[in-house]
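If you're matching them up, the sequences are chains A and B in order. Positions 507 to 984 (the numbering used here) are the ones given, in order, by the first sequence. Positions 941 to 1075 (the numbering used here) are the ones given, in order, by the second sequence. Encoded as C-alpha cells, the structure appears first; notes follow it.
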Amino acid sequence: MKMHGPGLPGSGGSPGGTGSIGSSRIRRFDLLVLGSGPAGLAAAAAAKRAGADCCVVEREERPGGILKQCIHDGFGLVRFKERLTGPEYAWREIEAVRNLDIPLLLSTYLTRVERLPGSGGFALTGLSSRGVVHLESKALVLATGCRERTGRQIFLHGSRPAGVFTAGLVQYMINIQGYLPARRCVILGSGDIGLIMARRLTLEGAEVEGVYEIMDKPSGLPRNIAQCLEDFSIPLHLSTTVTRVHGRERVEGVTLARVDGSRQPLPGSERFVPCDGLILSVGLIPENEIAETLGVELDPLTLGPVVDDGMMTNVDGLFCCGNALHVSDLADSVSAAGETAGASAAFYALGSAEGRGAGEEFSVPLYPGNALSYLVPHRVRFLVRQAGAQTPGAAGDVCCRFRVKRETGKCRLAIVGIDREGERRELADSRYPFLRPAEMEEIVLPRSALASFLPGSAGPGFPGSPVRLEAVLEEDDA
Amino acid sequence: MTEPVMEAAERMVTCIACPRGCRVTVRFDAQGRVETFDGARCKRGRLWLEKELAHPLRMLTTTVRTVFSDFPRLPVRTSRDIPLGELLVVMKRIETLEVSRRMWPGDVVEPEIFRDEEGAVALIATGAMEQPEKE
C-alpha cells in the first residue's frame, strides 16, 4: 500500500457506503475525525483498531496539524521514549494512520456540520479541490486544535500598523513559508511559544530586544527560559507590559510600562523601545466553532467542551480531544487522549441495542476543587450491571488531566467521591514532587475504585452512591 | 530583570537534566573552576551541571531552503548536540544549502555540517516533503 502518496483512495472499493445528493455522492463512515493533528491521528488509529470504519477530514494540504511548524525537539519522550522534533512525531502518527488504510481527506474545508434527524448521526458538507464533499457518520470526533489570543483580546492600544503578529503566526511564517517577519522585535508574553520564537528569531539573525511579561513570574517552563533566553542573553522583564504600539504603515516602536500588583500600568514608568515587530504570546483558546453550532456545552474554565470519561460531549455521538478540548503541553498526552476518544467513539458508533441495554448507566460530575484551574473529564460514567449482561467496552481507568492554579511544592492530589449524605471516600491519589500551572498533569482514577464505590446493583437513589467527585490537593509542609 | 545581584564569581543556572528545572547557584574559584553548587537536588543534576558548565551542548533545529514552491523550507536537525557557542556559525553554513530533491524524515541533507573531536555531525531532514494532491 502507498506510504508517501496523497491520502484519498479512488472511489472504487472505498470504505463506507455511498448514496447521492443530486450529482454528488454521500460517503458514509462509522465515524469521522475532524483534524489531522496528533489528537485526530491518534483517535482515527484507535477507532480503526477498535473495528470502526473511519475517515479523517483536514482543511490543510498536508496532515500533522500544528506539529508541522513545531520544528524544535522535545516531543515523544513519553510515547516513543525518544526525543523527536514536531514533524518527526507527526510523521510517526501519519504513517500509523496510513498503515491502517484510513483515508485522509486533505484540503477539505467543512462549511456545514449538522445532526441528522431521527436515527441520529451527522451530515457534513465541505469544499475541496475535488469540489463539494458530502459525508455522513454515526459519530464525530472533534480534534480541531486551538487558536491564539490576539491583540484585540488583550486590549492593545494604538494604530494598526503592519508588524504585529502572534507567536504561532511568526512560527508559521519562518518555518513553513521561509519569511523573517521582523528584524528587531519585542515579545509580549513569556509563555512557551513566545520563548521558543525568541530563540528561533535569534538563530535566523533577528534581534529580540526583550521578552516582556505582565505577571511577576514567567509563564513558560524553566527549561525554556534557560534554553531560549539565557542561552542567547535575551532579557526577560517581569511585571511589564506594552501599553501602546507606534507607527502608521509599519510598527516603529512600542511603549512599555511597569505594572502594579493589579496589573495596572504605573504612570511615569513608560519607556519607548524602537522595533519593527511586536510579537504576542498571550495565550491559546480551544477552537470550537463547529461544536458551538451543534449545541455543545462548553466549560468556562477550559473554553472547550464539557465531556465525560469517554470524551463524549453533551451531544450524543459527538466526541472531542486534543487542544480543542483543553490546551495541552505535550503531544504525547494529546495522543493518549485521542486514543481514548477514538476507541470510545468507535464503541458508540458500533454499539448495538444489546450493548446499550446491558445495564443502566449514569454519570456524576467531577469538580476541580479549589486548587486546580481545571480538571478534565467533567463527568464520570458509572454502569449499573444487570446480571448476566456483557460489560460494554470503553470503560477502563479514567485518566484525569488538570492544571494547578499556582506553583506548588511536594503535594498529594486525591479524587474523592461524595454521596448524598455528604460521606466522603477517597478513590484515587497521586503524589507529585511539584506542580506548575504551565505543566498539565494527570491522575488516574481506576475503574476498580469506581466499581467498589458502587457495590452490587446500587444506583443513583441508593445510599452510598456518589453524587459527585472532587479533586482535593494537600501540600506537604516544607 | 529580576535576577538577584551576584558576585563576579557566581552564576545562576537552570539544571535541565529532568523536568524539575532546579535553579542552581554555581560558585567559581579564582581559576574559573567550579567550586560549589547550591540548589541542585540530585546527583544526576550535579553531573549534568558539571558537563554543562564545562562544555554546553545543544540540539540545533532549523529549516533549509528548497527549490519546491509547495514546500519552500525543509525542517532539519543536527544528528547530535553541538556546542552552544557554534550554533550561529552552523546556522550561517546552513543558509548556503539548498534542497533540490524531495526528502523524508531521517534523510541526510548534509553529511558534515560540523565536526569536533567526536567526529562529523550531519544535518538530518525531519519533515516529509509530500506533494500536495493534484487538482
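Where a beta carbon is used, it is the ideal one built from N, C-alpha and C, also for glycine.
Residue burial classification, residue i (beta-carbon count within 10 angstroms, cutoff 16)
{"i": "C982/B", "result": "exposed"}
{"i": "Y718/A", "result": "buried"}
{"i": "G1067/B", "result": "buried"}
{"i": "L1000/B", "result": "buried"}
{"i": "G894/A", "result": "Because G894/A sits at a pLDDT of 39, beneath the cut-off of 50, its placement in the model cannot be relied upon, and the point is left open."}
{"i": "P898/A", "result": "Residue confidence is low: P898/A scores 43 on pLDDT, short of 50, so the model does not pin down where it sits. Its coordinate-derived value is still stated next. When all chains shown are included, P898/A counts as buried."}
{"i": "G571/A", "result": "buried"}
{"i": "H884/A", "result": "buried"}
{"i": "L933/A", "result": "buried"}
{"i": "P780/A", "result": "exposed"}
{"i": "L701/A", "result": "buried"}
{"i": "E620/A", "result": "exposed"}
{"i": "S696/A", "result": "buried"}
{"i": "D814/A", "result": "buried"}
{"i": "E1070/B", "result": "buried"}
{"i": "A1060/B", "result": "exposed"}
{"i": "E1028/B", "result": "It is Leu, not Glu, that sits at residue 1028/B in the sequence shown. By the neighbour-count rule (16 or more Cβ atoms within 10 Å), L1028/B is not buried but exposed."}
{"i": "V1055/A", "result": "As displayed, chain A neither begins before 507 nor continues past 984, which places residue 1055/A out of reach and without an answer."}
{"i": "V639/A", "result": "buried"}
{"i": "N605/A", "result": "exposed"}
{"i": "R706/A", "result": "buried"}
{"i": "D698/A", "result": "buried"}
{"i": "K991/B", "result": "exposed"}
{"i": "T1036/B", "result": "exposed"}
Within 8 Å, strictly: CB atoms of residue i and residue j
{"i": "L612/A", "j": "L537/A", "result": "no"}
{"i": "A1062/B", "j": "L1014/B", "result": "no"}
{"i": "V910/A", "j": "A877/A", "result": "yes"}
{"i": "Y685/A", "j": "Q575/A", "result": "no"}
{"i": "Q824/A", "j": "L919/A", "result": "The residue asked about is misnamed: residue 824/A is Leu in this sequence, not Gln. Not in contact: L824/A and L919/A (Cβ atoms no closer than 8 Å)."}
{"i": "R1041/B", "j": "D579/A", "result": "no"}
{"i": "P544/A", "j": "G810/A", "result": "no"}
{"i": "V1039/B", "j": "T1006/B", "result": "yes"}
{"i": "A548/A", "j": "S841/A", "result": "yes"}
{"i": "L993/B", "j": "V966/B", "result": "yes"}
{"i": "N730/A", "j": "T1003/B", "result": "no"}
{"i": "L1100/B", "j": "V1030/B", "result": "A question about residue 1100/B goes unanswered here, because the residues of chain B that appear run from 941 up to 1075."}
{"i": "T551/A", "j": "G848/A", "result": "Correcting the residue identity first, residue 551/A is Ala in this sequence and not Thr. Cβ atoms of A551/A and G848/A: closer than 8 Å."}
{"i": "C652/A", "j": "P792/A", "result": "yes"}
{"i": "V964/B", "j": "A949/B", "result": "no"}
{"i": "V757/A", "j": "R655/A", "result": "no"}
{"i": "Q683/A", "j": "P1012/B", "result": "yes"}
{"i": "G541/A", "j": "E567/A", "result": "no"}
{"i": "P943/A", "j": "R912/A", "result": "yes"}
{"i": "F940/A", "j": "R960/B", "result": "yes"}
{"i": "L616/A", "j": "G632/A", "result": "yes"}
Given residue i as reference, the closest of the options once Cα atoms are compared
{"i": "L951/A", "options": "L744/A, P728/A, R887/A, I740/A", "result": "R887/A"}
{"i": "L784/A", "options": "V765/A, G571/A, R565/A, R666/A", "result": "R666/A"}
{"i": "V833/A", "options": "A842/A, T808/A, L744/A", "result": "T808/A"}
{"i": "D835/A", "options": "G684/A, G592/A, K644/A, C561/A", "result": "G592/A"}
{"i": "F868/A", "options": "L590/A, V619/A, V973/A, I693/A", "result": "V973/A"}
{"i": "T762/A", "options": "G570/A, A602/A, S775/A, Q733/A", "result": "The residue you asked about is not Thr; residue 762/A is Leu in the sequence shown. Of the listed residues, the one whose Cα sits closest to L762/A is S775/A."}
{"i": "L694/A", "options": "G711/A, R912/A, E715/A", "result": "E715/A"}
{"i": "L622/A", "options": "I680/A, L800/A, L610/A, C734/A", "result": "L800/A"}
{"i": "N820/A", "options": "L727/A, E566/A, C826/A, E803/A", "result": "E803/A"}
{"i": "C958/B", "options": "R986/B, T976/B, D1010/B", "result": "R986/B"}
{"i": "K587/A", "options": "R636/A, A837/A, Y938/A", "result": "A837/A"}
{"i": "T746/A", "options": "V765/A, D559/A, L540/A, A732/A", "result": "V765/A"}
{"i": "E976/A", "options": "Y938/A, E929/A, V562/A, P939/A", "result": "E929/A"}
{"i": "L648/A", "options": "R953/A, A944/A, T846/A, L881/A", "result": "T846/A"}
{"i": "Y880/A", "options": "A855/A, G902/A, R907/A", "result": "R907/A"}
{"i": "R777/A", "options": "R756/A, R750/A, E594/A", "result": "R750/A"}
ask   = Relative to chain A, which residues along the stretch 1057-1069 of chain B have a C-beta separation below 7 Å, given in chain order?
value = Within the stretch 1057-1069 of chain B, the residues whose Cβ lies closer than 7 Å to any Cβ of chain A are, in chain order, T1066, G1067, A1068.
task = Select from the stretch 592-612 of chain A all residues with a C-beta closer than 7 Å to any C-beta belonging to chain B, and list them in chain order.
result = Cβ contacts with chain B: P593, E594, W597, L612.
request  = Taking only runs that begin and end inside the stretch 735-803 of chain A, name each unbroken beta strand (DSSP E) of 3 or more residues, in chain order.
outcome  = 746-752, 759-764, 777-780, 783-786, 790-792
inquiry  = Runs of 3 residues minimum, wholly inside the stretch 920-964 of chain A: which ones carry the beta strand (DSSP E) assignment?
reply    = 930-938, 947-951
Interfacial residues, the stretch 689-714 of chain A to chain B, with Cβ spacing under 9 Å = So the close ones are R706, T708, L709, E710, G711.
ask   = Between the stretch 954-972 of chain B and chain A, which residues of the former have CB atoms less than 9 Å from a CB of the latter, in chain order?
value = T954, C955, I956, P959, R960, G961, C962, R963
Residues from the stretch 673-686 of chain A in contact with chain B, defined by Cβ distance under 7 Å = N681, I682, Q683, G684
key: Positions along the stretch 1001-1027 of chain B whose CB lies within less than 7 Å of some CB in chain A   = T1001, T1002, T1003, R1005, P1012, R1013, P1015, R1017, L1024, L1027
Contained beta strand (DSSP E) runs [length at least 3] in the stretch 970-1046 of chain B, N- to C-terminal order = 974-978, 1001-1005, 1013-1018
ask   = Which whole runs of the alpha helix (DSSP H) in the stretch 686-744 of chain A are 4 residues long or more, in chain order?
value = Counting only runs that start and end inside the stretch 686-744 of chain A, the alpha helix (DSSP H) elements of at least 4 residues fall at 698-709.
ask   = Just by C-beta distance, which residues in the stretch 547-571 of chain A are closer than 7 Å to chain B?
value = E567, R568
request  = Please list the residues of the stretch 629-642 of chain A that have a C-beta atom closer than 9 Å to any C-beta atom in chain B, keeping them in chain order.
outcome  = S634, S635, R636
ask   = If you scan the stretch 535-587 of chain A from start to end, which runs of the alpha helix (DSSP H) of 4 or more residues do you find wholly inside it?
value = 544-555
inquiry  = So if I threshold CB-CB distances at 7 Å, which residues from the stretch 1029-1040 of chain B count as touching chain A?
reply    = Residues of the stretch 1029-1040 of chain B with a C-beta less than 7 Å from any C-beta of chain A: M1031, listed in chain order.
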